[in-house]
Amino acid sequence: MIERFSPHGTILAMHTDTIPTSDLGWQRQALCAQTGADFFFPEPGSSVREAKRICGMCDMRVACLEYALANDERFGVWGGLSEKERLQIRRTSC
Ligand code: SF4
Numbered sequence: 001m002i003e004r005f006s007p008h009g010t011i012l013a014m015h016t017d018t019i020p021t022s023d024l025g026w027q028r029q030a031l032c033a034q035t036g037a038d039f040f041f042p043e044p045g046s047s048v049r050e051a052k053r054i055c056g057m058c059d060m061r062v063a064c065l066e067y068a069l070a071n072d073e074r075f076g077v078w079g080g081l082s083e084k085e086r087l088q089i090r091r092t093s094c
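Counting from 1, one number per residue, gives the positions in the sequence shown under UniProt numbering.
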C-alpha cells in the first residue's frame, strides 16, 4: 500500500493500481498527472501549498475530491484538500 505513494511515481501511475478502469476518465485530464506526485504526497510536516495551487487550476477538482471522499483516501492532497481537511469533511458528514 505504501508503494502507491512513492514520491518518485506519478499520481496517475499511483492511482491506476487502486482505481477501477471505469473511473479513470477524470484522471486522464488531471493536472497532477502532468506534474508528478511529489507535491501531492509531501513528507509529513511539509507544505501542501504548491499542490493546492495546482489543484486550484485543475478542471477535475470536483471529481477528484468526490473520488477521494468516496474511497476514503487518507493520504495526500486530493481535490485541493489536505488529509486533515478531508477528515473534517468526513466527520461533519456523519
Ligand atoms: S484536483 Fe488536484 S489532485 Fe485532483 S486531479 Fe486535479 S491536480 Fe490532481
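For glycine and all other residues, C-beta sits at the position ideal for the given N, C-alpha and C.
Only a predicted model underlies this, so the values are computations on that prediction, with no experimental measurement involved.
What does TRP78 pair with, by DSSP beta-bridge criteria? Here residue 78 is taken as the residue at index 78 of the sequence shown, counted from 1. Answer is LEU81.
Separation of ASP72 from residue 123, as counted between CA atoms: Because the chain is modelled from 1 through 94, residue 123 falls outside the range shown and cannot be assessed.
From what residue to what residue does the alpha helix (DSSP H) around GLU43 run? For the purposes of this step, residue 43 is identified with residue 43 of the sequence shown, where counting begins at 1. Looking at the DSSP string, GLU43 is not in any alpha helix (DSSP H), and its letter there is neither H nor E.
Stretch-stretch touch, CB-based, cutoff 8 Å, three pairs: the segment 49–63 with the segment 84–92: No, the segment 49–63 does not touch the segment 84–92.
Sequence-distant residues of the same chain with beta carbon closer than 8 Å to ARG90, five excluded per side: Within the sequence shown, the letter at position 90 stands for residue 90. Result list for ARG90: LEU69 and ASP72, in chain order.
DSSP three-state assignment for GLY25, whether helix, strand or coil: Within the sequence shown, residue 25 is the residue found at index 25, counting from 1. Under the three-state reduction of DSSP output, GLY25 falls in the coil class, being neither helix nor strand.
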